[in-house]
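*Asks:*
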Amino acid sequence: MKAIPYILIALRFILAPVLLSLSYFIGEKSRLIILVLMYLGLITDIFDGIIARKAGVSSEKLRRLDSQTDLVFWLSLGFAAYFLNTDLIENEWKGILLLFVMEMLCYIISWIKFGKETCTHAFLSKMWGLSLLIAFTYLIGFQQAGWAFSVMVALGLISHIDVILIILILPKWQYDVPSSYHAWKIRKGKPTKKTVLFN
């Protein structure tokens, strides 16, 4: 039972090169398979945290591993979407660039302040993850960007701002901080109740 969360994280990590290979070498015929694997990856992301808490193995190491695997998994889906929908992705380059810059800022600010990467698993970040799922479903499954992509970019911007605020507010590095409001309560020494969503 204690090994299952690590197995689920490893499975999600292994899915990354599989998704890239399918989209690059097989192309159009791989769209449905990629979508199925994307939702499989989401399921592993949901249950690794749930099982870790029930098995009593949820730790800083596990949460950091989970966070970095999420980054690799979603980046691989981004490149897969690009290989399958090059024109659509290139038309949305400004929004994509904005998200890349914001992601890098989160890491840079966290490394400068704490000497390690961010691992907040914040509520808005989870909402952004859901919007990524919808956006990639539209891109890969229906070859459309539209409203789903716009919502994803907007939520991405808001969630990254929240993470940056969390980093700046926290007096010391901490994982699983639901929001900048919770970070402020932690800084003031007030008790907080963590909100668990998915993982």
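One rule links them: number in the numbering used here = place in the sequence shown (from 1) + 46. Note that the Cβ used here is the ideal one computed from N, Cα and C, for glycine as well.
Output needed for F125: all residues of its chain with C-beta closer than 7 Å, excluding positions within five of it in sequence on either side, in chain order.
*Replies:* Position 79 of the sequence shown, counting from 1, holds the residue named residue 125. Result list for F125: L66, in chain order.
*Asks:* Can you give me the C-alpha to C-alpha distance between H228 and H206, rounded to a whole angstrom?
*Replies:* As a working mapping, residue 228 is identified with position 182 in the sequence shown. As a working mapping, residue 206 is identified with position 160 in the sequence shown. In a straight line, the C-alpha of H228 is about 15 Å away from that of H206.
*Asks:* Which stretch, first to last residue, makes up the alpha helix (DSSP H) that contains T183?
*Replies:* Position 137 of the sequence shown holds residue 183. Per DSSP, T183 belongs to no alpha helix (DSSP H) and is neither H nor E.
*Asks:* Determine, using beta carbons only, whether I55 and L121 come nearer to each other than 8 Å.
*Replies:* In the sequence shown, residue 55 corresponds to position 9, counting from 1. In the sequence shown, residue 121 corresponds to position 75, counting from 1. No, the pair does not count as a contact, with Cβ atoms beyond the cut-off.
*Asks:* What does the alpha-carbon distance come out to for the pair I300 and G175?
*Replies:* The structure shown has nothing for residue 300, since the chain only spans 47 to 245.
*Asks:* Can you give me the C-alpha to C-alpha distance between Y70 and L130, rounded to a whole angstrom?
*Replies:* The count along the sequence shown starts at 1 and reaches residue 70 at position 24. The count along the sequence shown starts at 1 and reaches residue 130 at position 84. Their Cα atoms are separated by approximately 8 Å.
*Asks:* Rounded to whole angstroms, what is the Cα-Cα separation between S210 and L83?
*Replies:* Walking along the sequence shown from the start, residue 210 turns up at place 164. Walking along the sequence shown from the start, residue 83 turns up at place 37. Here residue 210 turns out to be Ile, not Ser, going by the sequence shown. If you take the alpha carbons of I210 and L83, they lie about 31 Å apart.
*Asks:* Under a three-way DSSP split, which group does H46 fall into?
*Replies:* A question about residue 46 goes unanswered here, because the residues of the chain that appear run from 47 up to 245.
*Asks:* Could you tell me the alpha carbon to alpha carbon distance between Q220 and W157, rounded to whole angstroms?
*Replies:* Walking along the sequence shown from the start, residue 220 turns up at place 174. Walking along the sequence shown from the start, residue 157 turns up at place 111. Computed Cα separation, rounded: 13 Å.
*Asks:* Sort S105, P63 and K75 by Cα distance to A49 and report the nearest one.
*Replies:* If you number the sequence shown from 1, residue 49 lands on position 3. When each option's Cα is compared against that of A49, the closest is S105.
*Asks:* If you count every other CB in all the chains shown that lies within 10 Å of the CB of D133, and 16 or more means buried, which is it?
*Replies:* Taking the first residue of the sequence shown as position 1, residue 133 is located at position 87. By the 10 Å Cβ count, D133 comes out exposed.
*Asks:* If you check the beta carbons only, do R109 and H167 fall under 8 Å apart?
*Replies:* Taking the first residue of the sequence shown as 1, we reach residue 109 at position 63. Taking the first residue of the sequence shown as 1, we reach residue 167 at position 121. Contact: yes.
*Asks:* From T183 to L81, what does the alpha carbon distance come to, in whole angstroms?
*Replies:* On the sequence shown, position 137 is the one that residue 183 refers to. On the sequence shown, position 35 is the one that residue 81 refers to. Whole-angstrom Cα-Cα distance: 7 Å.
*Asks:* Does DSSP put L86 in a helix, a strand or coil?
*Replies:* Here residue 86 corresponds to residue number 40 of the sequence shown, with the count starting at 1. Note: L86 maps to helix in three-state DSSP.
*Asks:* Secondary structure at A127, three-state DSSP: helix, strand or coil?
*Replies:* Residue 127 sits at position 81 when you count from the first residue of the sequence shown. Helix.
*Asks:* DSSP on K48, reduced to helix/strand/coil?
*Replies:* Residue 48 sits at position 2 when you count from the first residue of the sequence shown. If DSSP states are grouped into helix, strand and coil, K48 belongs with coil.
*Asks:* So which of F195, F188 and V197 has the shortest CA-CA distance to R77?
*Replies:* Position 31 of the sequence shown, counted from the first residue, corresponds to residue 77. The shortest C-alpha separation from R77 is found at F188.
*Asks:* Closest by CA to L117, which one among E74, A101 and I60?
*Replies:* Taking the first residue of the sequence shown as 1, we reach residue 117 at position 71. With distances taken between Cα atoms, L117 lies closest to I60.
*Asks:* Do you know offhand how far S177's Cα is from I135's?
*Replies:* Against the sequence shown, residue 177 aligns to sequence position 131. Against the sequence shown, residue 135 aligns to sequence position 89. Those two C-alpha atoms are separated by around 16 Å.
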